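Residue numbers 1 to 161, in full-length UniProt numbering, belong to the letters of the sequence shown in order.
From the three backbone atoms N, C-alpha and C, an ideal C-beta is built for every residue, glycine too.
Quantities reported herein were computed from a predicted structural model and do not represent experimental measurements.
Here's the structure we're looking at; comments come further down.
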Amino acid sequence: MFGRSRSWVGGQGKTKNIHSLDHLKYMYHVLTKNTTVTDHNRNLLVETIRSITEILIWGDQNDSSVFDFFLEKNMFAFFLNILRQKSGRYVCVQLLQTLNILFENISHETSLYYLLSNNHVNSIIVHKFDFSDEEIMAYYISFLKTLSLKLNNHTCALLLQ
1 MFGRSRSWVG
11 GQGKTKNIHS
21 LDHLKYMYHV
31 LTKNTTVTDH
41 NRNLLVETIR
51 SITEILIWGD
61 QNDSSVFDFF
71 LEKNMFAFFL
81 NILRQKSGRY
91 VCVQLLQTLN
101 ILFENISHET
111 SLYYLLSNNH
121 VNSIIVHKFD
131 FSDEEIMAYY
141 ISFLKTLSLK
151 LNNHTCALLL
161 Q
């Protein structure tokens with residue numbers, strides 16, 4: 001009854017520090033096992049994306065190896081892959097929230113440069129969102145506003161590649 005505690009995803013084991021490189025590696029594993037959004041994994045993917053965002057912001061401020069891992073595994077591409085699927089508004093809203101939170105809170109220039117490189121942001125900007133959904137439109141506009149506040153001579157050049 002009072003044996004090992006369950007992790008937040010429901011597996012057996014000790015509770016892990018959710019703000020760590022190890023937890024990001026676990027979240028990456030979850031993403032790689034769930035590359036296609038289904039009714040069965042939709043909630044798991046939304047929670048995984050939310051957790052990754054939290055870890056990245058913590059890592060930007062406390063442990064550069066976290067963001068290095070994100071770069072090394074090209075995890076932004078997973079976000080784009082999920083966005084391109086007909087995954088429904090729930091996942092789309094979470095991804096837009098994630099992008100907004102990331103760009104608003106990332107403080108290191110190198111982290112920001114990565115997020116703006118590789119045309120990932122350009123792909124998001126031109127993505128065909130369902131703007132008939134007011135919540136999606138509001139998060140998209142918020143993302144664009146947050147992004148515009150991060151632009152300068154150097155960051156703008158990354159977007160115009």
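Rounded C-alpha distance that separates residue i from residue j
i	j	result
Ser123	Ile55	23 Å
Phe129	Thr110	29 Å
Tyr26	Ala77	17 Å
Ile136	Glu72	30 Å
Glu134	Arg89	11 Å
Ile57	Ser132	31 Å
Asn152	Phe103	14 Å
Backbone secondary structure at residue i - three-state DSSP
i	result
Arg6	Confidence is the limiting factor: at Arg6 the pLDDT is only 40, short of 50, which leaves the residue's position unreliable and the question unanswerable from this model.
Thr36	coil
Leu24	helix
Phe143	helix
Gly88	coil
Classification of residue i by the beta-carbon crowding that lies within 10 angstroms, buried from 16 upward
i	result
Phe59	What sits at residue 59 in the sequence shown is Gly, not Phe. Buried, since its Cβ has 16 or more Cβ neighbours within 10 Å.
Thr35	exposed
Phe69	buried
Thr53	buried
Leu160	exposed
Cβ-Cβ distance between residue i and residue j below 8 Å
i	j	result
Val91	Val37	yes
Leu112	Val121	no
Asn100	Thr146	yes
residue 167	Thr48	Lying before the first or after the last residue shown, residue 167 is absent from the chain, which here runs from 1 to 161.
Check: residue i C-beta below 7 Å from any heavy atom of the ligand MN
i	result
Leu31	The ligand content of the structure shown is nil, which means the ligand MN is not present either.
Pick from the options that is closest to residue i, judged by C-alpha positions
i	options	result
Gln61	Ser148, Ser87, Ile106, Asn81	Ile106
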